[in-house]
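Q: Following numbering that gives the first Met the number 0 from start to finish, the sequence shown increments by one per residue and tops out at 420. Here it is, the structure, as C-alpha cells.
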Amino acid sequence: MIRKITVIFGNLAAVLVVVAIFAVILGFLKAGQPKAERQAPTAFDPTVFVEEVAFGEAKLNVAAQGEVTPRQDISLVTQVSGKILSVSPDFAPGGAVTAGQELVKIEDSDYRLAVSRAQAEVAQARTELEIERAESALAQQDYQDLLGDTGSGPSDLTLRRPQLARAEANYQAALANLEEARLNIKRTTVTAPFSGRIRSIAANTGQFVNAGASLGQIFSTEIAEIRLPLSDSDLAKLGISLAFDSDDDRPKVTLSTIVGGRLHRWEGQIVRVDAAIDPTTRQVAAIAQVPDPYGRSADGGTPLAIGLFVDALIEGPRVERAVTLPRVAIQEENTVYVLDEDNVLTAQPVDIAAFTDQGAIITGGLSEGQRVVVSRAAVPAGTTVRPLMRGRDTAALGSLSGSSEGELASVPGTSGGRGAP
C-alpha cells in the first residue's frame, strides 16, 4: 500500500516539473516579443493633377446651334383660271424638280380663242389707223388748196389730228390685248421657278382652279441657310460686327448632326449677320449658307435636309502663342494654380482669350514649362500638394484605385473644389 502511494506521488512530481519547465519557457518567449505602440496618424498632402505649359497655335472657334432652312420657300400660285389637264409625276411631296420644269398644265382653249379675237381687233385697229392717217393727210391738202398760206393756219380739228390720235391709241390697246392673251396661254403652263423640292401639293387632274389659287409649296435646294444665335463676345472672337455682309473673308463653319445613327458633317460659310438684336435673347443671328445641300455638299450621300437641327462650329482667327487648359483649371478672378519647386500652390492671374468646348484659351500670364493644376483643388494658395501628371499618372492611379481622373476627389489624399463656370 505504501509502495503504491510512493509511485503515485513520484509520477505527480514529474508532471509538475514538466509543467513548470513549459511555463518558464513560455514566459521567456512572451518577454522577448516587442510591445506594440500606437502611432499618430500621418497627414497626406492633397493630390492634384497638373499639366506643363506648352504654347502652340490655337483657334478662337465659336460653337452654336440652329435649324436648316431653305433660302427660298414659296407657294405656287396660278395666274389664270381653268381646269387642270395634267400634273407632273414629280409634283408630289418630296419630289425633286428643276428650274423651268412643267409641273401643272391648265386647259388653254379659251385663251387661244382670246388670242384670235385679239388678233382680229389688232387688224381692225390697224385699218382704222390707216384710214385716219389718210383722212388727216387729205384734210391738210384740202386746206392748202383752199387757203394756201394765208390766215392763222388750220386747227387740229380741221386736220383730224384728234381722230388720228384716237386711232393710234386704239391700235396700241389692241396690241396690248393681243400680248396679254398670248401671255395667258403661257400662264396655263405652271413651271418650277427654281430647282428644289416639293413640300406639299393642292392640285389634281380635272380640278378647276381660279386665278390666285395655291397649287402647292416648293422650296429651293440651291442654297440652305442656318440662323446661328451669337452673343456679343462670340462676335468679338470671330472679329465680325453687326450687319456683317461680305463676299470676302467669310468665316468657315462646320455643321454636324446625327442622321440614321451616324454623325454627318457639312461645310459652309457665314455670309451675313443680322443688323438687329433679338429683344428677348439679346443675341444676334449669323446666317450660314451651304450650297447645293442635296447634291455636291451632301455628306456621303446624306443631304443637309431642310428642318434638321445641327451643331455649328464657326472657325475663328488663329492665335500664334496660346495654351488651352480645362475649364476646371480656372479659379476665381481669372487665375490658375501653379506649383513651385516645393509643390506649393500659387494663384497666378492669366489672360483668357476665349472659352471654347475644349477649355479656356490662355494667351498670357504663364511661362513655358510651368506646372498648372488642372483638377479641382479645394485648398487655398500656399498649400503643399502631391502633383500627378495628367495622362501619365492617370492610368496608374486608376488601375490602383479603380477611379478615373474625373473621380479624383473620391480617392484618399485627393481634394475637390470649385473651378470656373
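We put the CB at the ideal spot given by N, CA and C, even for glycine. Since the structure is predicted, the reported quantities are computational estimates derived from the model, not experimental observations.
#1: Since Ala321 and Phe54 should fall inside the 8 angstroms C-beta cutoff, what is the C-beta to C-beta distance between them, to a whole number of angstroms?
#2: Run the CB neighbour count on Lys236, radius 10 Å, all protein chains shown included, and call it buried at 16 or more, exposed below.
#3: Determine the direct distance from the alpha carbon of Asp109 to that of Ser115, and round the result to whole angstroms.
#4: Ends of the alpha helix (DSSP H) at Arg435?
#5: If the criterion is Cβ atoms closer than 8 angstroms, does the pair Glu203 and Ile286 meet it?
#6: Please decide whether Gly299 counts as near chain C, where near means a Cβ-Cβ distance under 8 angstroms.
#7: For Thr362 versus Asp350, is the C-beta spacing smaller than 8 angstroms?
#8: Taking Arg196 as the reference, which of Pro228, Ala164 and Leu303 has the closest Cα?
#9: Can you tell which of Ile105, Ile313 and Glu131 has the C-alpha that lies nearest to the C-alpha of Thr355?
#10: Which residue marks the beginning of the alpha helix (DSSP H) containing Ser194, and which one marks its end?
#11: Any chance you could list the beta strand (DSSP E) runs of at least 3 consecutive residues sitting entirely within the segment 64-137, in chain order?
#12: Quick check: the Cα distance between Ala133 and Glu179, rounded to an integer number of angstroms?
#13: From the DSSP output, in three-state form, read off Arg389 for me.
#14: So, at 6 angstroms on beta carbons, what are the nonlocal neighbours of Val289 in its own chain, with the 5 sequence-adjacent residues on each side left out?
#15: Val372 and Tyr336: beta carbons closer than 8 angstroms?
#16: Assuming contact is defined by CB atoms lying nearer than 8 angstroms, are Val252 and Leu59 in contact in what I supplied?
#17: Identify, in the order they occur along the chain, each residue of the same chain with its Cβ nearer than 7 angstroms to the Cβ of Leu163, setting aside the five sequence neighbours on each side.
#18: Could you check where the beta strand (DSSP E) with Asp310 kicks off and where it finishes?
#19: What are the partner residues of Leu234, as DSSP defines its beta bridges?
#20: State buried or exposed for Gly294, treating a residue as buried only when at least 16 other CB atoms are found within 10 Å of its CB.
#21: By the three-class DSSP mapping on this structure, what secondary structure does Ala35 have?
#22: For Arg389, does the count of other Cβ atoms within 10 angstroms reach 16, so buried, or fall short, so exposed?
#23: How would you label Asp107, buried or exposed, when you count the other beta carbons within 10 angstroms and need 16 or more for buried?
#24: For Val378 and Leu344, I'd like the C-alpha separation in whole angstroms.
#25: Would DSSP call Ala57 helix, strand or coil?
#26: For Pro423, count the other beta carbons within 10 Å of its own beta carbon; 16 or more makes it buried, fewer makes it exposed. Which is it?
#27: Can you tell me which of Leu174, Ser213 and Gln171 puts its alpha carbon nearest to the alpha carbon of Val189?
#28: Check this for me: beta carbons of Pro228 and Ala63, under 8 angstroms apart or not?
#29: What does a CB cutoff of less than 8 angstroms around Asn209 pick up in its chain, not counting 5 residues either side in sequence?
#30: Where does Ala328 fall in DSSP's three states?
#31: Which residues does DSSP list as the beta-bridge partners of Pro348?
#32: Near Thr323, what residues of its chain come up, given a Cβ to Cβ distance below 8 angstroms and the 5 sequence neighbours on each side ignored?
#33: Can you tell me which of the three DSSP states Gln206 falls into?
#34: Can you tell me which of Val47, Gln216 and Arg125 puts its alpha carbon nearest to the alpha carbon of Pro92?
#35: Taking all protein chains shown into account, do 16 or more other C-beta atoms lie within 10 angstroms of the C-beta of Glu66, making it buried, or fewer, making it exposed?
#36: Measure how close the beta-carbons of Ala124 and Asn169 come, nearest whole angstrom, since I'm counting them as under 8 angstroms.
A: Short version:
#1: Residue numbering aside, residue 321 sits at position 322 when the sequence shown is read from its first letter. Residue numbering aside, residue 54 sits at position 55 when the sequence shown is read from its first letter. So it is a contact: roughly 7 angstroms between Cβ atoms.
#2: For the purposes of this step, residue 236 is taken as residue 237 along the sequence shown, with counting starting at 1. Lys236 should be labelled buried.
#3: Counting from one through the sequence shown, the residue named residue 115 turns up at place 116. Counting from one through the sequence shown, the residue named residue 109 turns up at place 110. Taking the straight line joining both Cα atoms gives about 10 angstroms.
#4: For the chain, the structure presents residues 0 to 420; residue 435 sits outside this window and is missing.
#5: Position 204 of the sequence shown, counted from the start, is the residue given in the question as residue 203. Position 287 of the sequence shown, counted from the start, is the residue given in the question as residue 286. The sequence given here has Asn at residue 203, not Glu. Result no, Cβ atoms of Asn203 and Ile286 do not sit closer than 8 angstroms.
#6: The chain inventory of the structure shown lacks chain C, comprising one protein chain alone.
#7: Translated into the one-based positions of the sequence shown, residue 362 becomes position 363. Translated into the one-based positions of the sequence shown, residue 350 becomes position 351. In this structure, Asp350 lies closer than 8 angstroms to Thr362 by Cβ.
#8: Walking along the sequence shown from the start, residue 196 turns up at place 197. Ranking Pro228, Ala164 and Leu303 by Cα distance to Arg196 puts Leu303 first.
#9: The residue labelled residue 355 in the question sits at position 356 within the sequence shown. It is Ile313 whose Cα lies nearest to the Cα of Thr355.
#10: Translated into positions along the sequence shown, residue 194 becomes position 195. That residue, Ser194, is in no alpha helix (DSSP H); it is neither H nor E in DSSP.
#11: 72-76, 81-86 and 101-105
#12: Start at 1 with the first residue of the sequence shown, and residue 133 comes out as number 134. Start at 1 with the first residue of the sequence shown, and residue 179 comes out as number 180. Computed Cα separation, rounded: 30 angstroms.
#13: If you number the sequence shown from 1, residue 389 lands on position 390. Of the three classes helix, strand and coil, the one that applies to Arg389 here is coil, per DSSP.
#14: Stepping through the sequence shown from its first residue, residue 289 is reached at position 290. Excluding positions up to five away in sequence, the list reads Ala223, Trp265, Gly267, Ser296 and Leu303.
#15: If you number the sequence shown from 1, residue 372 lands on position 373. If you number the sequence shown from 1, residue 336 lands on position 337. In this structure, Tyr336 lies closer than 8 angstroms to Val372 by Cβ.
#16: The count along the sequence shown starts at 1 and reaches residue 252 at position 253. The count along the sequence shown starts at 1 and reaches residue 59 at position 60. It is not a contact, given that the beta carbons lie outside the stated cut-off.
#17: Along the sequence shown, one-based indexing puts residue 163 at 164. The residues are Glu131, Arg132 and Ser135.
#18: The residue you call residue 310 lines up with position 311 of the sequence shown. From DSSP, the beta strand (DSSP E) with Asp310 extends over Phe308 to Ile313.
#19: Residue mapping note: residue 234 aligns to position 235 of the sequence shown, counting from 1. Per DSSP, none; premise fails for Leu234.
#20: Working through the sequence shown from its first residue, we reach residue 294 at position 295. Its Cβ having fewer than 16 others within 10 Å, Gly294 is exposed.
#21: Numbered from its first residue, the sequence shown carries residue 35 at position 36. Caution applies to Ala35, whose pLDDT of 42 falls short of 50 and renders its modelled position unreliable; the value that the coordinates give is listed next. Three-state DSSP puts Ala35 in coil, outside helix and strand.
#22: On the sequence shown, position 390 is the one that residue 389 refers to. By the neighbour-count rule (16 or more Cβ atoms within 10 Å), Arg389 is buried.
#23: Taking the first residue of the sequence shown as 1, we reach residue 107 at position 108. The residue in question, Asp107, is buried, as its Cβ has 16 or more Cβ neighbours within 10 Å.
#24: The count along the sequence shown starts at 1 and reaches residue 378 at position 379. The count along the sequence shown starts at 1 and reaches residue 344 at position 345. For Val378 and Leu344, the distance between alpha carbons rounds to 9 angstroms.
#25: On the sequence shown, position 58 is the one that residue 57 refers to. It is a strand residue.
#26: No answer is possible for residue 423: the residues shown for the chain start at 0 and end at 420.
#27: For the purposes of this step, residue 189 is taken as the residue at position 190 of the sequence shown. Nearest option by C-alpha distance: Ser213.
#28: Within the sequence shown, the letter at position 229 stands for residue 228. Within the sequence shown, the letter at position 64 stands for residue 63. It is a contact, given that the beta carbons lie within the stated cut-off.
#29: The residue labelled residue 209 in the question sits at position 210 within the sequence shown. Closer than 8 angstroms at Cβ, skipping near neighbours: Thr77 and Ser80.
#30: Here residue 328 is taken as the residue at index 329 of the sequence shown, counted from 1. Helix.
#31: Reading the sequence shown from its first residue, position 349 is the one you call residue 348. Partner(s): Thr334.
#32: Stepping through the sequence shown from its first residue, residue 323 is reached at position 324. Around Thr323: Ala57, Thr355, Gln357, Gly358, Ala359, Ile360 and Ile361.
#33: Taking the first residue of the sequence shown as 1, we reach residue 206 at position 207. When secondary structure is reduced to three states using DSSP, Gln206 falls in the coil class, being assigned neither helix nor strand.
#34: Position 93 of the sequence shown, counted from the start, is the residue given in the question as residue 92. Proximity to Pro92 across Val47, Gln216 and Arg125 peaks at Gln216, based on C-alpha coordinates.
#35: Position 67 of the sequence shown, counted from the first residue, corresponds to residue 66. So Glu66 counts as exposed.
#36: Locating residue 124 in the sequence shown gives position 125, counting from the first residue. Locating residue 169 in the sequence shown gives position 170, counting from the first residue. Contact holds; Cβ gap of about 5 angstroms.
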